[in-house]
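These notes concern the structure reproduced below.
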Amino acid sequence: MPCVSSRLDQMVKMAPSYSSVVDKILMVEQILSEFRLNKEDLKEVMKRMQCEMERGLRLETHEEASVKMLPTYVCSTPEGSEVGDFLALDLGGTNFRVMLVKVGEDEGKSWKVETKNEMYSIPEDAMTGTAEMLFDYIAECMSDFLDKHHIKHKKLPLGFTFSFPVRHEDLDKGILLNWTKGFKASGAEGNNVVGLLRDAIKRRGDFEMDVVAMLNDTVATMISCYYEDRGCEVGMIVGTGCNACYMEEMRTVELVEGEEGRMCVNTEWGAFGDNGELEDFRLEYDRVVDETSINPGHQLYEKLISGKYMGELVRLVLMKLANEELLFNGEASELLKTRGSFETRFVSQVESGDRKQIYNILSSLGVLPSELDCDIVRLVCESVSTRSAHMCGAGLAAVINQMRERRSQDALVITVGIDGSVYKLHPCFRDRFHKIVRDLAPRCEITFIQSEEGSGRGAALISAVACKMAACMLPQ
Ligand code: GLC
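Number 403 in my numbering belongs to position 403 of the sequence shown; there are no gaps in the numbering.
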């Protein structure tokens, strides 16, 4: 982590020549050094990830594997799709979105124009109440959207981006294995998600929809980028949650019959570590984050990386430093002592701003920091977010190396489509992440593309392909 150590050197040089200040910085440095992962550590993470991916794919070991490698029924992308209007839903973060997407044809290549888009925040009681409450709320938002845009009379084909682990039986059918990212609505786990949506629409009775596809956000991201770059065979999200999907050889996807071609596999790598694979890398702060979360013992890899947890990790480190009298004169404010008060967006702001900005953020949390405090807080943010980028990079390198080995290629040329608030909004995550992935996957030529509105566009595009295929299967 050269960025952090060089800043430390600078601070030591600039600090007033009191040995106590220098000692303080050195003690902080020692506490933060636990977050540093060297290349050997990362190679080990990558190796273990690859091993779990393999176990997830195999019928024999799938049940106990932490990385579930879920088949998505999105296959080596067929050319051609229906054209027309599609509705897309996106559920998976703190907001729920409804979009109307126009898919058209341009010299054999599908293109899409997103025409309308509404965002609805999900009330806490819908997230943690019953499945019926949650899906009734979703149907209510859809009804509102259709009213607003005067399209309630149309029975549109619909693609549903549902960003949780789903065991698919087909493109439009699959059961929710478990909630992640703070969702907890009871009565959904173990049930067909599309069925829950159809039932809620029926209960309302004021509009009709033709649900043709359900897909994970990683898959939607990959598909939306595929239309710009035909080499895109990996999709990844680093936002509230963290996950990746990629095109795997059908013959190795043992959960689905068939040998030919490729199928997109949703790795659900966020659960990596749930069988103990990360124990030697998890720190005391990670244990507290996990124990105080809604799903202790689950999604342990995701909890080291994603935006839902990053701010809280930083807060716990700040508390440790304050308790050791290395920060804020040994006194944290009541607000800073409160779980969740240090938001992940503050991590980005601290790392992109100057001392004044850091001062403002900290004073909004009730502490009045010295200049040295501001510098130390910045070091904490850099340590936590750099570890996140490196851990996540080890995961992606595992996926890409696996693809290269499977395809027996000396050099794999591959494009990765990425979305998510941490990747897009953090000032340094992206560069640190790209660098480590390229380091760990040396025989691969990797292009990263950022997806725009991938969840909605991807859902609409795959629905358009599904409609075309359904039309082909109709008797002539
Ligand atoms: C969580 C979900 C996963 C999703 C990811 C990013 O890890 O389990 O399905 O892709 O978050 O939103």
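Virtual Cβ for every residue (Gly too), placed ideally from N, Cα, C.
CB of residue i within 7 Å of CB of residue j, strictly
{"i": "leucine 70", "j": "glutamate 254", "result": "no"}
{"i": "glutamate 351", "j": "cysteine 392", "result": "no"}
{"i": "alanine 131", "j": "alanine 200", "result": "no"}
{"i": "methionine 247", "j": "cysteine 232", "result": "no"}
{"i": "serine 306", "j": "cysteine 245", "result": "no"}
{"i": "alanine 220", "j": "serine 76", "result": "no"}
{"i": "aspartate 217", "j": "glycine 92", "result": "yes"}
{"i": "phenylalanine 162", "j": "methionine 214", "result": "yes"}
{"i": "lysine 68", "j": "glycine 84", "result": "no"}
{"i": "threonine 240", "j": "lysine 181", "result": "yes"}
{"i": "leucine 326", "j": "valine 289", "result": "no"}
{"i": "alanine 460", "j": "phenylalanine 160", "result": "no"}
{"i": "lysine 468", "j": "glutamate 34", "result": "no"}
{"i": "phenylalanine 328", "j": "valine 367", "result": "yes"}
{"i": "glutamine 114", "j": "glutamate 453", "result": "Strictly speaking, residue 114 in this sequence is glutamate, with glutamine absent from that position. Yes; because the gap between Cβ atoms is below 7 Å, this pair is in contact."}
{"i": "serine 397", "j": "methionine 46", "result": "Serine is not the amino acid found at residue 397; the sequence shown has alanine there. Yes, the Cβ-Cβ distance between alanine 397 and methionine 46 is below 7 Å."}
{"i": "phenylalanine 96", "j": "glutamate 118", "result": "no"}
{"i": "isoleucine 361", "j": "phenylalanine 346", "result": "yes"}
{"i": "leucine 176", "j": "valine 193", "result": "yes"}
{"i": "threonine 72", "j": "asparagine 323", "result": "no"}
{"i": "glycine 311", "j": "glutamate 343", "result": "yes"}
{"i": "methionine 209", "j": "leucine 158", "result": "yes"}
{"i": "proline 369", "j": "glutamate 268", "result": "no"}
{"i": "glycine 261", "j": "methionine 250", "result": "yes"}
{"i": "phenylalanine 281", "j": "tyrosine 301", "result": "no"}
{"i": "glycine 395", "j": "methionine 99", "result": "no"}
{"i": "valine 103", "j": "lysine 112", "result": "yes"}
{"i": "phenylalanine 183", "j": "methionine 127", "result": "yes"}
{"i": "alanine 65", "j": "glutamate 44", "result": "no"}
Element boundaries [alpha helix (DSSP H), containing residue i]
{"i": "cysteine 225", "result": "217-226"}
{"i": "lysine 308", "result": "307-323"}
{"i": "glutamate 169", "result": "Counting along the chain, glutamate 169 falls outside any alpha helix (DSSP H), though it belongs to the beta strand (DSSP E) covering 166-170."}
{"i": "leucine 146", "result": "131-148"}
{"i": "alanine 88", "result": "Looking at the DSSP string, alanine 88 is not in any alpha helix (DSSP H); the run it does join, the beta strand (DSSP E), is 84-91."}
{"i": "arginine 287", "result": "284-291"}
{"i": "isoleucine 201", "result": "193-204"}
{"i": "glutamate 124", "result": "124-128"}
{"i": "histidine 62", "result": "59-62"}
Continuous beta strand (DSSP E) stretch holding residue i: start and end
{"i": "glycine 242", "result": "A small correction: the amino acid at residue 242 is cysteine; glycine does not occupy that position in the sequence shown. Cysteine 242 -> beta strand (DSSP E) spans 242-249."}
{"i": "lysine 173", "result": "173-176"}
{"i": "isoleucine 446", "result": "444-450"}
{"i": "lysine 412", "result": "Rather than lysine, the amino acid found at residue 412 in this sequence is leucine. From DSSP, the beta strand (DSSP E) with leucine 412 extends over 412-419."}
{"i": "alanine 185", "result": "Element bounds for alanine 185: n/a, residue is neither H nor E."}
{"i": "cysteine 237", "result": "A quick correction: the sequence has isoleucine, not cysteine, at residue 237. Looking at the DSSP string, the run of the beta strand (DSSP E) that includes isoleucine 237 is 232-238."}
{"i": "lysine 155", "result": "Segment: none, lysine 155 is in no beta strand (DSSP E) and carries neither H nor E."}
{"i": "glutamate 105", "result": "95-106"}
{"i": "threonine 72", "result": "70-75"}
{"i": "arginine 430", "result": "Counting along the chain, arginine 430 falls outside any beta strand (DSSP E), though it belongs to the alpha helix (DSSP H) covering 429-440."}
{"i": "arginine 262", "result": "262-266"}
Residue i: CB within 6 Å of a non-hydrogen atom of the ligand ZN
{"i": "glutamate 302", "result": "What this structure holds is the ligand GLC, not the ligand ZN."}
| message | Would you call the region 215-225 in contact with the region 411-421, where contact means no fewer than 3 C-beta pairs closer than 8 Å? | response | yes
| task | State whether the region 426-436 contacts the region 200-209, with contact taken as three or more CB pairs (one from each stretch) at a distance under 8 Å. | result | no
| Do three or more CB pairs link the region 403-412 to the region 372-381 at distances below 8 Å? | no
| message | With a threshold of 8 Å, are at least 3 pairs of Cβ atoms found where one atom belongs to the region 315-333 and the other to the region 284-300? | response | yes
| request: Mind listing, in chain order, the continuous alpha helix (DSSP H) runs of no fewer than 4 residues lying wholly within the region 352-393? | output: 355-364
| query | Unbroken alpha helix (DSSP H) runs of length 4 or more, entirely within the region 16-42: which are they? | reply | 19-32
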